[in-house]
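Report on the following structure.
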């Protein structure tokens, strides 16, 4: 085997030309957009079916037919119906957190910001007095809490983060009760609000109101 000349440069792999890198990136981005559009069509179809039936009792095939896509495409994006419902639930919780944060930003004091969010969460979590079904929250969420608590924690992360931020503001302002950590107080408050909202209507002629739930919670985590 001939000896390598010491003066001979060591060869290095040739980098892909810039045009090829751009072409691959453009192709990847286009594929990602198409996948996102297919996922949205499945989610939209499931939302329409739930609104029509007032329940989460539907089949994957119904979603596929309504979306005008293939069963193969569905299983390329979701493991099954549970994962589809979980995606819908996570999306709903994320959008709610964004709406509540925007509403809180319109208030001038930490207590007012937290009050607005607590009352909004209570109203959005309670059964619709107009009779409109919210199966994603009244049916699926309750099952998820019992059977998949870890998934429920992940889905609740945007809301919990919002509540923790607001509790941190209270702590900074010297209004949070001693011994409470902001995230712990946030979790306790969220659970109290959502449980009572979902139980609302079982008190007969005297259902719990948003003002009452705020007054009850505020006395628990504030100094006053």
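In my numbering, the protein residues as written are 28 to 251.
Yeah, the Cβ is synthetic: ideal placement off N, Cα and C, and Gly gets one too.
Source: prediction; values computed, not measured.
Point to revise | Residues near residue 130 by beta carbon distance below 8 Å, same chain, minus five either side | key: The residue you call residue 130 lines up with position 103 of the chain shown. Contacts found: 143, 144, 147.
Practice item. Using alpha carbons as the reference points, say which of 83, 121, 99 lies closest to residue 170. Key: Within the chain shown, residue 170 is the residue found at index 143, counting from 1. Answer by Cα proximity: 83.
**Study point:** Cβ separation of residue 224 and residue 194, assumed to be a contact under 8 Å, to the nearest whole Å
**Key:** As a position in the chain shown, residue 224 is number 197, starting the count at 1. As a position in the chain shown, residue 194 is number 167, starting the count at 1. That belief does not hold up - the Cβ atoms of residue 224 and residue 194 are roughly 19 Å apart, past 8 Å.
Check your understanding: From residue 204 to residue 248, what distance separates their C-alpha atoms?
Key -> Locating residue 204 in the chain shown gives position 177, where the first residue counts as 1. Locating residue 248 in the chain shown gives position 221, where the first residue counts as 1. Going from the Cα of residue 204 to the Cα of residue 248 covers about 5 Å.
Check your understanding: Where do the ends of the alpha helix (DSSP H) carrying residue 47 lie?
Key -> As a position in the chain shown, residue 47 is number 20, starting the count at 1. Per DSSP, residue 47 belongs to the alpha helix (DSSP H) from 45-80.
Point to revise | For residue 100 and residue 65, believed in contact at Cβ under 8 Å, the rounded distance | key: Here residue 65 corresponds to residue number 38 of the chain shown, with the count starting at 1. Here residue 100 corresponds to residue number 73 of the chain shown, with the count starting at 1. With a Cβ gap of about 6 Å, residue 65 and residue 100 count as contacting.
Check your understanding: When you compare each of 187, 95, 239 to residue 121 by their alpha carbons, which one comes out closest?
Key -> In the chain shown, residue 121 corresponds to position 94, counting from 1. When only C-alpha atoms are compared, the closest one is 187.
Check your understanding: To the nearest angstrom, how far is it from the Cα of residue 138 to the Cα of residue 59?
Key -> Reading the chain shown from its first residue, position 111 is the one you call residue 138. Reading the chain shown from its first residue, position 32 is the one you call residue 59. Answer to the nearest angstrom: the Cα atoms are 42 Å apart.
Exercise for review: Using DSSP bridges, identify the partner residues of residue 249.
Suggested key: Position 222 of the chain shown, counting from 1, holds the residue named residue 249. Answer is 203, bridged to residue 249.
**Study point:** Coil, strand or helix - residue 99 by DSSP
**Key:** Counting from 1 along the chain shown, the entry for residue 99 is found at position 72. The answer is helix: DSSP assigns residue 99 an H, G or I state.
Check your understanding: What is the residue span of the alpha helix (DSSP H) that residue 108 lies within?
Key -> Taking the first residue of the chain shown as position 1, residue 108 is located at position 81. Per DSSP, residue 108 belongs to the alpha helix (DSSP H) from 108-132.
Point to revise | The alpha helix (DSSP H) enclosing residue 219, as first and last residue numbers | key: Numbered from 1 along the chain shown, position 192 holds the residue referred to as residue 219. Per DSSP, residue 219 belongs to the alpha helix (DSSP H) from 209-226.
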